[in-house]
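K.L.:
Below is the structure I would like to discuss, written out as C-alpha cells.
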Amino acid sequence: MNSPAIPVHLPGGVRLRRAVTHTMVLTRRNLLANLRLPDVLLLSTIQPITFMLMFLYVFGGAVEAALPPAAHGSYVNWLVPGILAQSAVFGATPTAYGLHNDRNTGVIDRFRSLPMARSAVLAGRTLADLVRSTAILLLQLGVGIVLGFRWQAGLAGLLAAIGLALAFGYACSWVMAALGLAVRNTEAIQAATYMVVFPLTLVSSVFLPTQTMPGWLQAFAAHQPVTAEANAVRVLTLGDAALPPEQTTAGVVVLAVTWTAAVLAVFAPLAVRVYRRSAR
Amino acid sequence: MAAPVIAVDRVVKRFGRSVRALDGLSLQIPEGIIYGLLGPNGAGKTTLIRILATLLPADAGSVRVAGFDVRHDPEAVRARIGLAGQYAAVDDHLTGRENVEMVGRLYGLSRREARSRASTVLDRIGLAEAADRLVRTYSGGMRRRIDLATSLVGRPRVLFLDEPTTGVDPASRRQLWELVRDLVDGGTTVLLTTQYLDEADHLAQRVAVIDHGRLVSEGTAEQLKTRVGTAMVRLSIPDSQHAGATAALRHLASGTVSCDRHGGTLTLPTTDAVTTVRHALQALAAAGITATDVSVDKPTLDDVFLTVTGADPAAVDPATGRAAA
C-alpha cells in the first residue's frame, strides 16, 4: 500500500504522453455525457436542423432573385455553406456550460487535486465539443444535400470547407471556455454566449450577402471573423463565382485561416489563465 | 513522535482585505490515525483542506503533506493524497465503475491496473453489485461511497474527508464510519472535518477545534473533555429565571456556564460533581429559584465545543441547504 501511483519528476516525453492519455480519458468522459443524456442529444441535433429549415423557407423565396450567380438561383446553395460556418460557432457554446457545471459540481476541484496533466481538463472538453460539432455539421450538410444543395467545386473543396469551419469552431470553443470559467452565474453565461454568438452570426454573410445592409453595419459585417469563414466555405464549395467583389480565392481562404489562428492564439492562453485562477 | 505526515506551520489565508480565513494556524498530524477537525461554519476547516489538497495557495506559512511542500512540490503531494468532498463530485452520467476507473487513469494507472484496482475498491466499499449502474440512479449514501471509492483508487497515503456524512442518513453514516476505520487499519492517514461532534468522538484518535482560523484546542477527545471539567452538572430551570440563575451559579463552575439551545437547561462544568450540586441548589434556593431537574454526566464534545468556541455547534450548523442526499 501507499506506493504513489506516479513518480514525482517526469521527463518531458513522459509528460507529453501523460497529457495525451489524460486528454483522451476526459474527452471520452465528456462525450459519454452527451450520449447518455438522450433528450439533450436529440434536442441539440434537432435544433440546428430546425434553424436551417426556417431560414431556408422563410428567407428563400424572397431572396432568391437577389442572390449572386454562384447560387444558381437556389437559396439552399447559398445557405448551406453559411450554415456550416454558423454551426461551428454555435457548436462551441456547450464548452462554456460544460466547464461551468464541472466547476459548480466540484469535479474540477477533484481534477485539480489529482496528479494529472493540467492541460487535459480544457483540452478534453474542447475536443469532445469538436467531435460533437463535427457530427452536427455533417448532419446539417446531409439534410442540406437532401434539400437540393449541390457543391460545385469538387470533393476536395467540400472537405477543405468542412475542415475550415470545424477549425474555426474549435477556436471558438476556447472563447467559450474562457467565458464559462470567468463568468460565475449560469444565466449570465447564457446571456454572454448569446451576445457573442447572435450578432456575429446574424450580422455576417452567413444568411445573405452583406451588400444590402446599411453602410455602418456593412462595415462591421464585412470585417468580422464569421463572415470571413462563411465566405471561405462558400468559395471552397461553390467556386470562384461566389467570391465577394474584388477578392481572390487565396485571399479569402488565408483570411479565414488567419482569423482561426488569431482567435486561438488569444483565447487559448486566456482560457488557461482563467482556469488556473478558477479556484472557487 | 515520528515525523508528522501533515505539518501546518503558521498558515495565513486571507480572502479580500478583511476576512482572515486562517490566522496563523499550526497543526501536526501523526501518520496512520484519523484526525478530526472541528469548528463552526466559517472557522476555516474547508479552507485548510483546500490548501492541504493543493487547490488553494496559502498567503503565509508553510504546509507539508507526506513529506512534500504543497507550494513547491504540489505534483508530488497530489500523487499521495485523496480528496472526498462535501458534495460528492462524481459524474452522474457515468457508472460507478467508470467513475472509479477514470480517476484511476488520472492517477497515472494503466487501463488494466485501473480496472483491477477499481474492482478491488468497489468490493471493499460494498458497491460491487451497483458498480455498473449509472450514478444518477444511486442513493445519497451510495454517492458518498462512490466518491470515497474514487479517492481511494490512487492508494493515497493521506485522505481528506471534508464533511463526508453531512446530509447522509444514520445508517449510511455508520457504514461510512466503518469504511473510514478500515482505511486507517490499512495505513492511510485520514483528516476528517465534521460538524457532528459525535462523529469526531466515534472516529478520531485526535481532535483539533478551530475557530476564526485559529487553533483553540487540540488533543484526544478524552483530553479535550477533561480540559472542560470531569463532570457536567445540568440543571433544568424555567426560562424566565435563566439570567438570575446564571448569575447565582457562575462562581461555582470550573468553566463557562452554558445554556443549551432549546433553553431550559443550564450546564456547569466542574471537577467535583457532588459539592457543586449541593452548592448550586443552595445558591438557587437563596435566589428564590427552583430547579425542576438535576443530572450529572460526563462532558461530551458538544460541551468542549461550547466551552472553547463560545458557540453552540447546533446553532451554527443548519445543514448548509446543500444537502446532497
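Chain order of the listed sequences is A and B.
Going left to right, the first sequence walks through residues 1 to 280 as our numbering numbers them.
Going left to right, the second sequence walks through residues 1001 to 1325 as our numbering numbers them.
For every residue, glycine included, the Cβ atom is placed at its ideal position computed from N, Cα and C.
(1) Which one of A:VAL14, A:GLY98, A:ASP39 has the shortest CA to CA distance from LEU122 of chain A?
(2) What residue range does the alpha helix (DSSP H) around LEU1038 of chain B cover?
(3) Establish whether the CB of ALA1325 of chain B and some CB of chain A are separated by less than 8 Å.
(4) Which residue marks the beginning of the alpha helix (DSSP H) containing VAL266 of chain A, and which one marks its end?
(5) Between the C-alpha atoms of ASP1198 of chain B and VAL1090 of chain B, what's the straight-line distance to the nearest angstrom?
(6) Would you mind telling me which residues of chain A sit closer than 9 Å to GLY1085 of chain B, beta carbon to beta carbon, in chain order?
(7) Consider the Cβ of GLY12 of chain A: report whether some Cβ of chain B lies at a distance smaller than 8 Å.
(8) Looking at C-beta atoms only, is the number of pairs between the segment 1038–1057 of chain B and the segment 1233–1248 of chain B that lie closer than 8 Å three or more?
(9) Compile a chain-ordered list of the residues in the segment 1033–1066 of chain B whose CB is closer than 9 Å to at least one CB of chain A.
(10) Of all the residues that make up the segment 1102–1127 of chain B, which are near chain A by a beta-carbon distance shorter than 9 Å?
(11) Hey, quick one: how far does the alpha helix (DSSP H) through ARG1124 of chain B stretch, first residue to last?
(12) Taking 8 Å as the threshold (beta carbon to beta carbon), is LEU1203 of chain B in contact with chain A?
(13) How would you write the range of the beta strand (DSSP E) that ARG1010 of chain B sits in, first residue to last?
(14) Hey, ARG1080 of chain B and PRO1164 of chain B: beta-carbon distance below 8 Å or not?
(15) With 8 Å set as the bound, which would you pick, yes or no: does the beta-carbon of LEU32 of chain A sit closer than that to a beta-carbon of chain B?
(16) ARG1020 of chain B by DSSP, collapsed to three states: which one?
(17) Rounded to a whole number of angstroms, what is the C-alpha to C-alpha distance between ARG28 of chain A and VAL253 of chain A?
(18) Report the residue ranges of all beta strand (DSSP E) runs contained in full by the segment 1198–1234 of chain B; include only those spanning at least 3 residues, in chain order.
(19) So, does the CB of LEU1094 of chain B fall closer than 8 Å to a CB anywhere in chain A?
(20) Considering ALA215 of chain A, what are the terminal residues of the alpha helix (DSSP H) in which it resides?
(21) First and last residue of the alpha helix (DSSP H) that includes PRO48 of chain A?
(22) Specify the secondary structure class of ALA1323 of chain B as computed by DSSP and reduced to three states.
(23) With DSSP collapsed to three states, give me the class of ASP1293 of chain B.
(24) Check whether chain A comes within 8 Å of ALA1003 of chain B, counting only Cβ atoms and requiring the distance to be less than that.
(25) Using three-state DSSP, classify SER173 of chain A as helix, strand or coil.
(26) Which same chain residues end up closer than 7 Å to ALA1291 of chain B when comparing Cβ atoms and leaving out the 5 residues on each side of it in sequence?
(27) Can you list, in chain order, the residues of its chain whose CB lies under 8 Å from that of LEU264 of chain A, leaving out five sequence neighbours each side?
(28) So what does DSSP say about ASP1312 of chain B, is it helix, strand or coil?
(29) Give me the Cβ distance between VAL1103 of chain B and THR1150 of chain B, rounded to the nearest whole Å; I'm assuming they're in contact under 8 Å.
(30) Which residues in the same chain have their Cβ closer than 8 Å to the Cβ of VAL1209 of chain B, if we skip the five residues on either side of it in sequence?
(31) For the structure I just gave you, are there three or more beta carbon pairs, one from the segment 192–203 of chain A and one from the segment 151–159 of chain A, closer than 8 Å?
(32) On a CA-only basis, which of B:ASN1041, B:ALA1084, B:GLY1244, B:ALA1273 is nearest CYS1259 of chain B? Give me that one, please.
(33) Please name the residue, chosen from A:THR21, A:ASN231, A:GLY239, that lies closest to SER119 of chain A on a Cα-to-Cα basis.
(34) Could you tell me the alpha carbon to alpha carbon distance between ARG277 of chain A and THR1275 of chain B, rounded to whole angstroms?
(35) Relative to the C-alpha of ALA1084 of chain B, which residue among B:ASP1272, B:LEU1249, B:VAL1190 is closest?
(36) Work out the CA separation of VAL1153 of chain B and GLU1113 of chain B for me, nearest whole Å.
P.N.:
Answer, in terms of the structure:
(1) The residue given as residue 122 of chain A occupies position 122 in the first sequence. Minimum Cα distance to LEU122 of chain A is reached at A:GLY98.
(2) Position 38 of the second sequence, counting from 1, holds the residue named residue 1038 of chain B. That residue, LEU1038 of chain B, is in no alpha helix (DSSP H); its beta strand (DSSP E) goes 1034–1038.
(3) Here residue 1325 of chain B is taken as the residue at index 325 of the second sequence, counted from 1. Any reading at ALA1325 of chain B must be qualified, since the residue scores a pLDDT of 26, below 50, and its modelled position is unreliable; the value itself is stated next. ALA1325 of chain B does not count as touching chain A.
(4) Reading the first sequence from its first residue, position 266 is the one you call residue 266 of chain A. Per DSSP, the continuous alpha helix (DSSP H) segment holding VAL266 of chain A begins and ends at 249–276.
(5) Position 198 of the second sequence holds residue 1198 of chain B. Position 90 of the second sequence holds residue 1090 of chain B. Each residue's CA atom was taken as its position, placing ASP1198 of chain B and VAL1090 of chain B some 27 Å apart.
(6) What you label residue 1085 of chain B is simply residue 85 of the second sequence in a count that begins at 1. GLY106, ASP109, ARG110, listed in chain order.
(7) Counted from its first residue, the first sequence places residue 12 of chain A at position 12. Not one chain B Cβ lies under 8 Å of GLY12 of chain A.
(8) no
(9) ARG1050, ALA1053, THR1054, LEU1055, LEU1056, PRO1057, ALA1066
(10) MET1102, VAL1103, GLY1104, ARG1105, LEU1106, TYR1107, GLY1108, LEU1109, GLU1113
(11) The count along the second sequence starts at 1 and reaches residue 1124 of chain B at position 124. According to the DSSP assignment, ARG1124 of chain B belongs to the alpha helix (DSSP H) that extends over 1111–1124.
(12) As a position in the second sequence, residue 1203 of chain B is number 203, starting the count at 1. Output row for LEU1203 of chain B: interface = no.
(13) In the second sequence, residue 1010 of chain B corresponds to position 10, counting from 1. Per DSSP, ARG1010 of chain B belongs to the beta strand (DSSP E) from 1006–1015.
(14) What you label residue 1080 of chain B is simply residue 80 of the second sequence in a count that begins at 1. What you label residue 1164 of chain B is simply residue 164 of the second sequence in a count that begins at 1. With a cutoff of 8 Å on beta-carbon distance, ARG1080 of chain B and PRO1164 of chain B are scored as not near each other.
(15) Start at 1 with the first residue of the first sequence, and residue 32 of chain A comes out as number 32. So, interface residue.
(16) Start at 1 with the first residue of the second sequence, and residue 1020 of chain B comes out as number 20. Strand at ARG1020 of chain B.
(17) Along the first sequence, read from residue 1 onward, the residue named residue 28 of chain A stands at position 28. Along the first sequence, read from residue 1 onward, the residue named residue 253 of chain A stands at position 253. Taking the straight line from one Cα to the other gives about 32 Å.
(18) 1206–1211, 1214–1219
(19) As a position in the second sequence, residue 1094 of chain B is number 94, starting the count at 1. Yes, LEU1094 of chain B counts as interfacial toward chain A.
(20) For the purposes of this step, residue 215 of chain A is taken as residue 215 along the first sequence, with counting starting at 1. According to the sequence displayed, residue 215 of chain A carries Gly and not Ala. Start and end: 215–222.
(21) Working through the first sequence from its first residue, we reach residue 48 of chain A at position 48. Counting along the chain, the alpha helix (DSSP H) containing PRO48 of chain A begins and ends at 38–63.
(22) Start at 1 with the first residue of the second sequence, and residue 1323 of chain B comes out as number 323. At ALA1323 of chain B, the pLDDT of 27 sits below 50, so the modelled position is not reliable; the number obtained from the coordinates is stated separately. Here ALA1323 of chain B sits in coil by DSSP.
(23) Taking the second sequence and counting its residues from 1, the one referred to as residue 1293 of chain B is at position 293. ASP1293 of chain B: strand per DSSP, three-state reduction.
(24) Residue numbering aside, residue 1003 of chain B sits at position 3 when the second sequence is read from its first letter. Taking Cβ atoms only, chain A never reaches closer than 8 Å to ALA1003 of chain B, which makes this a no.
(25) Position 173 of the first sequence, counted from the start, is the residue given in the question as residue 173 of chain A. Helix, per DSSP.
(26) On the second sequence, position 291 is the one that residue 1291 of chain B refers to. Excluding sequence neighbours, ALA1291 of chain B sits near LEU1235, SER1236, ILE1237, LEU1281, LEU1284.
(27) The count along the first sequence starts at 1 and reaches residue 264 of chain A at position 264. Contacts found: TYR170, ALA171, TRP174.
(28) Residue mapping note: residue 1312 of chain B aligns to position 312 of the second sequence, counting from 1. Low per-residue confidence applies at ASP1312 of chain B: pLDDT is 46, beneath 50, and the placement is therefore not dependable enough to give any value.
(29) Within the second sequence, residue 1103 of chain B is the residue found at index 103, counting from 1. Within the second sequence, residue 1150 of chain B is the residue found at index 150, counting from 1. Confirmed, about 4 Å.
(30) The residue given as residue 1209 of chain B occupies position 209 in the second sequence. Answer for VAL1209 of chain B: LEU1038, GLY1039, LEU1215, VAL1216, SER1217, GLU1218, LEU1224, VAL1304, PHE1305, VAL1308, THR1309, listed in chain order.
(31) no
(32) Position 259 of the second sequence, counted from the start, is the residue given in the question as residue 1259 of chain B. It is B:GLY1244.
(33) Reading the first sequence from its first residue, position 119 is the one you call residue 119 of chain A. It is A:THR21.
(34) Position 277 of the first sequence, counted from the start, is the residue given in the question as residue 277 of chain A. Position 275 of the second sequence, counted from the start, is the residue given in the question as residue 1275 of chain B. Going by the C-alpha atoms only, they are around 60 Å apart.
(35) Residue numbering aside, residue 1084 of chain B sits at position 84 when the second sequence is read from its first letter. With distances taken between Cα atoms, ALA1084 of chain B lies closest to B:VAL1190.
(36) Position 113 of the second sequence, counted from the start, is the residue given in the question as residue 1113 of chain B. Position 153 of the second sequence, counted from the start, is the residue given in the question as residue 1153 of chain B. Taking the straight line joining both Cα atoms gives about 10 Å.
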